[in-house]
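Report on one structure; see the data block that follows.
2 protein chains.
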Amino acid sequence: MDTDKLDSRKMAILNAIIRNYLETGEPVGSRTISKFTDLSLSSATIRNEMADLEELGYLVQPHTSAGRIPSDKGYRLYVDKMMEEKVEEVNNMKEVLDQKADRIENLLKKVAKLLAVNTNYASMITTPKYRSRKLKFIQLTNVDDTHLLAIIFLEGNIPKNKVIDADHRYEESVLLKLNIVLNSLLQDLDLEEINMSIIQKIKEQAGEDSALIGRVLDAIGEAIREEDNIEVYTSGATNILNYPELSSDDGAKRLLYTLEDKQELAELVDDKLTSESGERTGTKGDIQVYIGNETPIDSMKNCSVVTATYEIEEGVYGKVGIIGPKRMDYDKVVGTLKTLMTQLDEIFKKK
Amino acid sequence: MDTDKLDSRKMAILNAIIRNYLETGEPVGSRTISKFTDLSLSSATIRNEMADLEELGYLVQPHTSAGRIPSDKGYRLYVDKMMEEKVEEVNNMKEVLDQKADRIENLLKKVAKLLAVNTNYASMITTPKYRSRKLKFIQLTNVDDTHLLAIIFLEGNIPKNKVIDADHRYEESVLLKLNIVLNSLLQDLDLEEINMSIIQKIKEQAGEDSALIGRVLDAIGEAIREEDNIEVYTSGATNILNYPELSSDDGAKRLLYTLEDKQELAELVDDKLTSESGERTGTKGDIQVYIGNETPIDSMKNCSVVTATYEIEEGVYGKVGIIGPKRMDYDKVVGTLKTLMTQLDEIFKKK
DNA sequence: TGTTAGCACTCAAATCGGTAGAGTGCTAAC
DNA sequence: GTTAGCACTCTACCGATTTGAGTGCTAACA
Numbered sequence: 019m020d021t022d023k024l025d026s027r028k029m030a031i032l033n034a035i036i037r038n039y040l041e042t043g044e045p046v047g048s049r050t051i052s053k054f055t056d057l058s059l060s061s062a063t064i065r066n067e068m069a070d071l072e073e074l075g076y077l078v079q080p081h082t083s084a085g086r087i088p089s090d091k092g093y094r095l096y097v098d099k100m101m102e103e104k105v106e107e108v109n110n111m112k113e114v115l116d117q118k119a120d121r122i123e124n125l126l127k128k129v130a131k132l133l134a135v136n137t138n139y140a141s142m143i144t145t146p147k148y149r150s151r152k153l154k155f156i157q158l159t160n161v162d163d164t165h166l167l168a169i170i171f172l173e174g175n176i177p178k179n180k181v182i183d184a185d186h187r188y189e190e191s192v193l194l195k196l197n198i199v200l201n202s203l204l205q206d207l208d209l210e211e212i213n214m215s216i217i218q219k220i221k222e223q224a225g226e227d228s229a230l231i232g233r234v235l236d237a238i239g240e241a242i243r244e245e246d247n248i249e250v251y252t253s254g255a256t257n258i259l260n261y262p263e264l265s266s267d268d269g270a271k272r273l274l275y276t277l278e279d280k281q282e283l284a285e286l287v288d289d290k291l292t293s294e295s296g297e298r299t300g301t302k303g304d305i306q307v308y309i310g311n312e313t314p315i316d317s318m319k320n321c322s323v324v325t326a327t328y329e330i331e332e333g334v335y336g337k338v339g340i341i342g343p344k345r346m347d348y349d350k351v352v353g354t355l356k357t358l359m360t361q362l363d364e365i366f367k368k369k
Numbered sequence: 019m020d021t022d023k024l025d026s027r028k029m030a031i032l033n034a035i036i037r038n039y040l041e042t043g044e045p046v047g048s049r050t051i052s053k054f055t056d057l058s059l060s061s062a063t064i065r066n067e068m069a070d071l072e073e074l075g076y077l078v079q080p081h082t083s084a085g086r087i088p089s090d091k092g093y094r095l096y097v098d099k100m101m102e103e104k105v106e107e108v109n110n111m112k113e114v115l116d117q118k119a120d121r122i123e124n125l126l127k128k129v130a131k132l133l134a135v136n137t138n139y140a141s142m143i144t145t146p147k148y149r150s151r152k153l154k155f156i157q158l159t160n161v162d163d164t165h166l167l168a169i170i171f172l173e174g175n176i177p178k179n180k181v182i183d184a185d186h187r188y189e190e191s192v193l194l195k196l197n198i199v200l201n202s203l204l205q206d207l208d209l210e211e212i213n214m215s216i217i218q219k220i221k222e223q224a225g226e227d228s229a230l231i232g233r234v235l236d237a238i239g240e241a242i243r244e245e246d247n248i249e250v251y252t253s254g255a256t257n258i259l260n261y262p263e264l265s266s267d268d269g270a271k272r273l274l275y276t277l278e279d280k281q282e283l284a285e286l287v288d289d290k291l292t293s294e295s296g297e298r299t300g301t302k303g304d305i306q307v308y309i310g311n312e313t314p315i316d317s318m319k320n321c322s323v324v325t326a327t328y329e330i331e332e333g334v335y336g337k338v339g340i341i342g343p344k345r346m347d348y349d350k351v352v353g354t355l356k357t358l359m360t361q362l363d364e365i366f367k368k369k
């Protein structure tokens, strides 16, 4: 595909067409543009240019004798151009987010909701992904006669609780001993590093209480695996019903299903994809824009997805995204995401 | 409204009409019934009876010269009749639920999904509601130089973690002392019972570390309030798009929004409602059925909602519900919910 | 050579009329 | 009390026609 530069007039016309289409959602005709822009060109001239633009692949005609609408390629150009310009307009998201959201989970849900409400599109956000979670420390405590509580503290200051069945009540001194054994041998290890040799060693040192050790290790494994699981939160799914071009046929059904099911959404954050997208989208900064077929998810072929990567600490990142119609207000969405990123950054740093 | 008993023939006809409508979703005419039942009556006779039934309020005609469809009152009669009959057909839900679902949260989500998949309607489930949560014990632990972990154990074996900012590292012996003070004074208290006098006492005993106490108490308050919050999980919301009578107009939009927002759903479990419903729905056992206008939620006026109450332990209960079109398969839904209840019961008992 | 006016042409969407079919209500006969 | 028959009603559907927005092309103009 030829990457020929468009002359500035073509550029202006394309711009005007896209802008207009973003607003109305209707195919836009030559006459509209002739009046809409200050180029003071007649509709006939515009028509010629439009024909050119169509030939170059930036515009599409839904059918003969309808106006033009931007193709994916047209959107792409528009978005790329737009991304180069400064986007700034800090709004007061921070206020909402700042109130102590203790659990990261709640914070993320709040972010998703905020985005959906602000943009009127659907939004999603994933929990941050650690390479592989390590154990920071573990502590066993008596709960009652038949239960112990294992507090499992993972790298990244994540506490996890696991209640463990016990056949009898353990003396405090025994628990103390076990705590010391477990911590001295397991500290800073991840799942791969906890092997049979280490397990054996622990059991030896635990002596008569080695029966318990198995259950404790299970709990640790569970905790780490639980935390490794990337969760996806969505919000504003119903917003997409406001866009007729998405809610026709059963497109809406499939899209809503995807958003509810969430499984497929994980693909959007797949490492492979992220790296690829760097080249493909040619974006600047953290923001990626997938237009139509560029998204890997089938039910979103008629949508655009704008994602951003947030970093919670060195090397630990998650993704947040907005899903809307192709004619979404990219300008606003990108702006919103950018300010969100800086504000999240501040929040995480402060912690 | 006259609660006149219907003679058995009218009853049979009404039954046949409803059954047929449940299947097809189309208004049903006299001719259909004449053949459908084994009453061997001509369509004309049926017509007469239908006219009577309409006059009594059990049937409705969408427009002249269309067949009849059941009114809310008609459904009500049908459902009440049905509930008296035995419903039994245990399927294998238990298998799915039995695998160790450690956190109740996950179990509930799984239940919701299971219901939605099994019935093809939307489902919801709430977290169980405790009267008022009491503190069982609390324990402070060092995390690193600037953070403490408070493990807050609530009545009902619910562990909660709160990370607390600290201005310096506390000696183990200090923490031990604080733990003892906190537990001796706060054990078995709920939020109301923790008053200024007690707080004062704690601070006195804590001496120079009283600055920390405020933050610890905040954490406790948060933990209890968090747990008091009833959460609602939903599943299968998109299923409702399969029923044209619900997805017409913007009814689907509003309904889906309700399901996503969840706030309004809490009304369904409101104490007030639950007690009222006992009389209103006249159901048997644990199952409540709300038909059309009987539901308190506006966006569900065209739906039916079937709810059941599960009990996790003495006095601690939650609600699970199924939302579908009025012409839902009540028989199956009620059956499914009933077996689910018994199976949940077993799971909770075993724990 | 680029721009514009004019005109014929195309196509989706809205409008209108007519028909078919399902179903009812009523009456008269059994 | 039941049934057959018939006139009537109303929706859904089909097809033809119209409307209007928009295009492409050509010819004239600066």
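Taken in sequence, the protein lines are chains S and U.
Take the first sequence: its position 214, counted from the start at 1, is 232 in the numbering used here, and no numbers get skipped.
Take the second sequence: its position 31, counted from the start at 1, is 49 in the numbering used here, and no numbers get skipped.
C-beta atoms are modelled at their ideal positions from N, C-alpha and C, and glycine is treated no differently.
Note that this is a predicted model, so its numbers are computed, not measured.
Let me know if L362(S) comes out buried or exposed under the rule of 16 or more other beta-carbons within 10 Å of its beta-carbon. buried
N410(U), enclosing beta strand (DSSP E) - first and last residue: Only positions 19 to 369 of chain U appear in the structure, and residue 410(U) is not among them; the question remains open.
Could you please give the first and the last residue of the uninterrupted alpha helix (DSSP H) stretch that includes T276(U)? G269 to D279
Give a yes or no on whether the minimum CB-CB distance between Y139(S) and chain U is below 7 Å. no
Could you tell me whether the Cβ of S26(U) comes closer than 7 Å to any Cβ of chain S? no
Output, in sequence order along the chain, the residues in the stretch 145 to 163 of chain U whose CB is closer than 7 Å to any CB in chain S. Q157, T159 and V161
Is the number of C-beta pairs between the stretch 201 to 214 of chain U and the stretch 183 to 191 of chain U that are closer than 8 Å three or more? no
To the nearest angstrom, how far is it from the Cα of S253(S) to the Cα of A270(U)? 17 Å
Check for me: the beta strand (DSSP E) holding G336(S) runs from which residue to which? V334 to P343
Give me whichever residues DSSP pairs with E364(S) in a beta bridge. BP columns for E364(S) are empty, so no partner.
By the DSSP assignment, the beta strand (DSSP E) with V181(U) in it spans what residues? I176 to D183
E331(S), buried or exposed, once every other Cβ within 10 Å from all chains shown has been counted against 16: exposed
Top-ranked residue by Cα proximity to K23(S), from K99(S), T82(S) and Q79(S): K99(S)
So T145(U) and E249(U) are supposed to be a Cβ contact under 8 Å. How far apart are they, rounded? 5 Å
Residues near K28(U) by beta carbon distance below 8 Å, same chain, minus five either side: E67, D70 and L71
Please classify A134(U): is it buried, with 16 or more other beta-carbons within 10 angstroms of its beta-carbon, or exposed? buried
My assumption, with CB atoms under 8 Å, is that R94(S) sits in contact with I35(S). Please give the rounded CB distance. Contact doesn't hold; Cβ gap of about 14 Å is too wide.
Would you tell me roughly how many angstroms separate the C-alpha atoms of K91(S) and V323(S), rounded to the nearest one? 15 Å
Nearest-angstrom Cβ-Cβ length linking V46(U) and N33(U), presumed shorter than 8 Å: About 12 Å; that fails the 8 Å criterion.
Starting from E245(U), trace the alpha helix (DSSP H) both ways and give me its first and last residue. S228 to D246
Of the listed residues L132(S), S48(S), A140(S) and R151(S), nearest to A84(S) (C-alpha basis): S48(S)
At what residues does the beta strand (DSSP E) containing K23(U) begin and finish? No beta strand (DSSP E) contains K23(U), which DSSP labels as neither H nor E.
Kindly indicate the opening and closing residues of the beta strand (DSSP E) around L74(U). Counting along the chain, L74(U) falls outside any beta strand (DSSP E), though it belongs to the alpha helix (DSSP H) covering S61 to L74.
Can the beta-carbon of L355(S) be found less than 7 Å from the beta-carbon of I305(S)? yes
Our contact map puts L273(S) next to P314(S) with C-beta atoms below 8 Å; I'd like the distance itself, whole angstroms only. L273(S) to P314(S), Cβ: 14 Å. No contact.
Excluding the 5 residues preceding and the 5 following L126(S) in the sequence, name in chain order all residues of the same chain whose CB lies nearer than 6 Å to its CB. I143 and Y251
With DSSP as the reference, label P262(U) as helix, strand or coil. helix
First through last residue of the alpha helix (DSSP H) which encompasses A255(S): From DSSP, A255(S) is part of no alpha helix (DSSP H); its letter is neither H nor E.
Go through its chain and collect everything with a Cβ distance to Y308(U)'s Cβ below 6 Å, but skip five positions before and after it. V323
C-alpha gap between L153(U) and Y348(U), whole angstroms: 42 Å
Closer than 7 Å, CB to CB, is K271(U) near chain S or not? yes
Does the beta-carbon of I198(U) have 16 or more other beta-carbons within 10 angstroms, so that it is buried, or is it exposed? exposed
Assign G339(S) to buried or exposed, taking buried as 16 or more other Cβ atoms, counted over all protein chains shown, within 10 Å of its Cβ. buried
Since L166(U) and L172(U) should fall inside the 8 Å C-beta cutoff, what is the C-beta to C-beta distance between them, to a whole number of angstroms? Their Cβ separation, rounded to whole angstroms, is 19 Å, which puts L166(U) and L172(U) out of contact at 8 Å.
Selection from P80(S), V129(S), N175(S) and N311(S) that minimises the alpha carbon distance to I242(S): N175(S)
Proximal chain U residues relative to Y275(S), where beta-carbon distance stays under 7 Å: T256
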